[in-house]
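If you're matching positions, the sequence shown starts at 5 in our numbering and goes up one per residue.
Note that the Cβ used here is the ideal one computed from N, Cα and C, for glycine as well.
Some notes on the structure that comes next.
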Amino acid sequence: MPPLQQDCPFCEIVQRDDPDAREVYRDEHVVAFFPTEPAVLGHTMVVPREHVPDVWSLSEETASHLARATVRLAGAVREAVEPEGLNIIQSNGEAATQTVFHLHVHLVPRWEGDAMGPIWPEETDYSETDKDRMQGRLRDACRRITRP
């Protein structure tokens with residue numbers, strides 16, 4: 005069994021210690037289940053079986069397993085729920101609305117006028133200078149982290 009953490013509700017689901025979990029899928033790398041309070045019916049979460057708090061702690065190997073399962077489960081959601089669209093959401097940190105610190109991917113089926121509402125601001129007012137400056141910072145960081 006991969007490393008788990010005490011007092012983590014998602015580790016409890018991985019261990020099958022939560023009798024109320026509505027599990028829909030399990031393999032050797034991930035578990036998928038409905039959240040307690042789904043945003044819409046069919047909202048499904050995919051978690052790695054090992055305890056990983058956030059994307060910054062995620063290994064590339066675990067990320068690969070999680071990504072494959074997410075794509076497959078998105079197909080299952082599409083077949084079972086027949087949504088008009090799908091949001092795939094993965095949040096990291098309190099500022100990004102992460103409330104359970106075990107990495108998880110939300111598959112949220114979408115319909116026009118559903119309870120989720122829009123997830124992006126209608127417009128922003130960042131200056132071209134600010135956007136250029138941020139592009140440079142991010143491009144430099146990408147070069148540093150991708151060097152062999």
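Close Cβ partners of residue i (< 7 Å) along its chain, the five nearest in sequence each way excluded
i: L77; result: Y29, A36, T48, V50, L111
i: A119; result: A43, V44
Within 8 Å, strictly: CB atoms of residue i and residue j
i: T66; j: P52; result: yes
i: G89; j: R72; result: no
i: V109; j: L62; result: no
i: N96; j: W60; result: yes
Buried/exposed call for residue i, threshold 16 Cβ in 10 Å
i: C146; result: exposed
i: T74; result: buried
Contacts around residue i, its chain only, beta-carbon distance under 6 Å, and the 5 residues preceding and following it disregarded
i: D22; result: E16
i: L8; result: C15, H55
i: V85; result: G46, P113
Strand pairing of residue i, partner residues [DSSP]
i: F105; result: Looking at the DSSP assignment, F105 forms no beta bridge with any residue, so it has no partner.
i: T48; result: L111
i: N91; result: V112
Same chain only: Cβ atoms within 8 Å of residue i, ignoring 5 sequence neighbours per side
i: V34; result: V50, V51, P52, R53, H69, L70, A73
Integer-rounded CB distance, given that residue j should sit under 8 Å from residue i
i: D58; j: Q102; result: 7 Å
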